[in-house]
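>
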């Protein structure tokens, strides 16, 4: 077939009335093969005319071809078929539709274009339908005529104008090529340009009439492209380490797979959190201030285990352990026995450890604590008395001149003393609150054991120390420089020295029959105060056996040295009882006192009532004898301020004050009862106290009243006062009675005047610098001068 | 075994007597001896009171003694008195024990 493409514009219209519908683009509609597509935009009536003309034109061109026109409302298709193919249809060979439509002329190599339009599918169906309709009739006829023929007979009814094609022509293959140009688009549209007065292609330049036959969106993209970058940003980068070799070896496809896989892998690997409604929030919580709280808990039970270890204990334990091991080896049933052994040993150890624990209650520190506590308990209990002791001043004294009172403070007594009498009192020279009391009995028929109790004002309910003695204690004395040394004289004539420094009385020396002793009660002991001249402590004692002895404490025993044998003074006995035979014995010494200023001088009071002045230098001879009392002299004391003045008291109810130089009694007082003790006050040279058997304490201040006592107060009922002693520091007087009680009394302000009120004003200014001792001495001197003037008168 | 701190039996009796004396003293409500940790060794109070007192007072004493030590390292607590409206508590501490006495001074009046 000689289908040639007709290029060029066939213009059917004059340029004066150019209509685009009238234009037929021959360039685009290629006449090739048996197909002809009529341009769409042609008007129907005109196109029919055109098609008729065209048919004629085509027949002229291809005389062998038959034209089959398929038309619908919109388009019409002319199928050119070669008439040669018609005879081939007579063959019983089925023909493919394509083959039938194919142009038999295989020589025609020109490009053929098939417009893929909606008319195309109609092309094969139309002839088929006609074929089937035509088949039915002959099949029935044949079926009737020849029953043997199974296969339906095919009769091909050819249209009249069908070309008859040869076998070869039918077999010929006609290649059609799909081009990318849209045939419908006019490629070379020309428009008349009035400006240039000629036709010009419109639009100018190349016209894009590309037809899109097939388009498919791909799912792969290039790695370097922007789209891929956006995708990665949105979804997340694919794990590069996961498939590195894949990426390297293969290209696009593998990348596409990685990208498609990346959302799942990345989510699974990186986003383990909930992807749907996960939200990340952070908030700061309130910081509570720190608090500390404590709770008291009950202390857990504890046990203390304590044991001493010595070599033999170690040895024993080793041995027992060895035995246990041996028994274990011998018999398997041994563990019980060994356990018992162990238990018993442990128990023994515990039992031993109990002893020291029990000891803690009785340790010395416990003793100390107990002592302190007892004092405290006392002070709490006797708070008022302690206040009185320290601060109370009797204000009534301001309105009564020349009178005073004694305020009773404590009673010192223990139930241990029984019916013993207080025979002696002595304040400790160092500790002002401490004093010792000697308990014994003056009654010959009631002698028993004796006691020395050490009291302190800090513990008024109970003595600090108690020393029990075999015999009744008659006298006690503290060493003036060694306050722990205590000398004691007993009723049986013995003397002892105690050391009370260790918290309790410890007997260090005691006289014995071998060392020598008094044969009668020792009425007074006195430490020899020679300062620190001699290393050996020694003290003097006086007894009613008529001896004054000096006791020296050598290394391990006490040595007695009689320094005076009190001979009876003959002058009185001769004078009064000349008829009676003279006493050959010795005078019974009752008391003595050593002069502090004149060391050798001492006074001795005797049972007979006389006072002898003796000297240590002259043994066996009195220096002077005072014709003093008629009855037993109970006490003689030198004045602590004036060396010549001494006082004595006696059973004959009197107290007398003497001047040893004049050997005459300066003053004498009748107290109406036997005077048990007399005592100078340590603060004033003119104040002294005397206690009587009717339980009265008489307190004198000679500077205020030389005749009468400032105070005569009954301290005890139905008891005899036996001893008295002033405290060295406080204005306290202690008196002992025969019922074993010691009373402490506080002096009221009137009783403790150091000097006359008038004199203080005068002399206080003048003798401001004069110390207390000389002042007191001068006071006594004035008193003596006054008394001397009185006597002279 | 011998103990250097041991005292003679006579003084042991004396101390027992002292304790009895203190406890029988007017106004004294009780005497307690305990170790430093509050374990009772001896007491005249009833059990309940004893345990409460022992617990609190031992702790107090430990605190006070530590305070004394803090204020002055060379110092040592020797005695503790607590005076209240009702009574007075006296504590005598030692290395091994505490001696406590409760006293009501007003009961005497």
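Protein chains in written order, with our numbering: chain Y, 17 to 809; chain W, 359 to 467.
We treat Cβ as the ideally placed atom computed from N, Cα and C, and that holds for glycine.
Small disclaimer: the values here were computed from a predicted structure and weren't measured.
So residue 516 of chain Y is in the alpha helix (DSSP H); what residue range does that whole segment cover?
First-last for residue 516 of chain Y: undefined, no H or E at that position.
> With DSSP as the reference, label residue 171 of chain Y as helix, strand or coil.
coil
> Is there at least one Cβ from chain C nearer than 9 Å to residue 396 of chain W's Cβ?
Checking the listed chains, one finds no chain C in this structure; the protein chains it contains are Y and W.
> Say whether chain Y places a C-beta atom closer than 9 Å to the C-beta of residue 376 of chain W.
yes
> At a Cβ threshold of 9 Å, is residue 408 of chain W touching chain Y?
no
> Determine, using beta carbons only, whether residue 428 of chain W comes closer than 9 Å to chain Y.
no
> For residue 478 of chain Y, count neighbouring C-beta atoms within 10 Å of its own C-beta (all shown protein chains included) and say buried if the count is 16 or more, exposed if not.
buried
> For residue 749 of chain Y and residue 729 of chain Y, I'd like the C-alpha separation in whole angstroms.
Between the alpha carbons of residue 749 of chain Y and residue 729 of chain Y lies a distance of about 13 Å.
> Who are residue 247 of chain Y's beta bridge partners in DSSP?
Residue pairing by DSSP leaves residue 247 of chain Y without any beta bridge partner.
> With a threshold of 8 Å, are at least 3 pairs of Cβ atoms found where one atom belongs to the segment 479 to 499 of chain Y and the other to the segment 429 to 438 of chain Y?
yes
> Rounded to whole angstroms, how far is the Cβ of residue 760 of chain Y from the Cβ of residue 441 of chain Y, which I believe are closer than 8 Å?
The Cβ separation is near 11 Å, so there is no contact.
> Taking residue 742 of chain Y as the reference, which of Y:416, Y:496, Y:692 and Y:699 has the closest Cα?
The residue among Y:416, Y:496, Y:692 and Y:699 with its C-alpha nearest the C-alpha of residue 742 of chain Y is Y:699.
> Would you kindly work out how many angstroms separate the C-alpha atoms of residue 486 of chain Y and residue 387 of chain Y, rounded to a whole number?
27 Å
> By the criterion of Cβ-Cβ separation under 9 Å, what are the contact partners of residue 452 of chain W in chain Y?
376, 379, 381, 382, 384 and 385
> Please check if any C-beta of chain W sits within less than 9 Å of the C-beta of residue 503 of chain Y.
Residue-level contact by beta carbon fails for residue 503 of chain Y and chain W, as no gap is shorter than 9 Å.
> Starting from residue 653 of chain Y, follow the beta strand (DSSP E) in both directions and report where the run begins and ends.
Per DSSP, residue 653 of chain Y belongs to the beta strand (DSSP E) from 649 to 654.
> Please report how far the alpha carbon of residue 240 of chain Y lies from the alpha carbon of residue 247 of chain Y, in whole angstroms.
So the two alpha carbons sit approximately 11 Å from each other.
> Considering residue 331 of chain Y, what are the terminal residues of the beta strand (DSSP E) in which it resides?
Residue 331 of chain Y -> not in any beta strand (DSSP E); alpha helix (DSSP H) instead, spanning 327 to 346.
> Buried or exposed: where does residue 537 of chain Y fall if 16 or more other Cβ atoms within 10 Å of its Cβ makes it buried?
buried
> When we look at the beta-carbon of residue 328 of chain Y and count the other beta-carbons within 10 Å, is it buried (16 or more) or exposed?
exposed
> Anything in chain W within Cβ reach of residue 397 of chain Y, meaning under 7 Å, just list it in chain order.
383, 384, 385, 463 and 466
> Comparing C-alpha positions only, which one of Y:792, Y:800, Y:803 and Y:767 sits nearest to residue 423 of chain Y?
Y:767
> Grouping DSSP H, G and I as helix and E and B as strand, with all else coil, what is residue 451 of chain W?
strand
> Leaving aside the five residues before and after residue 206 of chain Y along the sequence, list all residues of the same chain whose C-beta is less than 8 Å from its C-beta, in chain order.
25, 215, 216, 217 and 218
> Alpha carbon to alpha carbon, how far is residue 293 of chain Y from residue 243 of chain Y?
28 Å
> With DSSP as the reference, please indicate the residues paired to residue 437 of chain W in a beta bridge.
Beta-bridge pairing links residue 437 of chain W to no other residue.
> What is the DSSP secondary structure of residue 308 of chain Y, counted as helix, strand or coil?
coil
> Where does the unbroken beta strand (DSSP E) through residue 813 of chain Y begin, and where does it stop?
A query on residue 813 of chain Y cannot be resolved here, the shown segment of chain Y reaching from 17 to 809 and no further.
> Just mark residue 331 of chain Y as buried or exposed, buried being the case when its beta carbon has 16 or more other beta carbons within 10 Å.
exposed
> According to DSSP, simplified to helix, strand and coil, what is residue 237 of chain Y?
Judged by DSSP in its simplified three-state form, residue 237 of chain Y adopts coil rather than helix or strand.
> Could you pull the DSSP bridge partners for residue 752 of chain Y from this structure?
Y:739 and Y:758
> Name, going along the chain, the residues of the segment 300 to 321 of chain Y whose beta-carbon falls closer than 8 Å to a beta-carbon of chain W.
312, 314, 315, 317, 318 and 320
> Identify whether residue 667 of chain Y lies in helix, strand or coil by the three-state DSSP scheme.
Note: residue 667 of chain Y maps to coil in three-state DSSP.
> Exposed or buried, which one is residue 163 of chain Y when buried takes at least 16 other CB atoms within 10 Å?
Bear in mind that a pLDDT of 48 at residue 163 of chain Y, under 50, signals an unreliable position, so the number given afterwards is only what the model happens to contain. Exposed.
> If I measure Cβ to Cβ from residue 471 of chain Y and keep anything under 8 Å in the same chain, skipping five residues before and after, which residues do I get?
Excluding sequence positions up to five before and after residue 471 of chain Y, its CB lies within less than 8 Å of the CB of 428, 450, 451, 452, 453, 479, 480 and 758, all in the same chain and listed in chain order.
> Please state the DSSP three-state secondary structure of residue 797 of chain Y.
In the structure shown, residue 797 of chain Y adopts helical secondary structure according to DSSP, grouped into three states.
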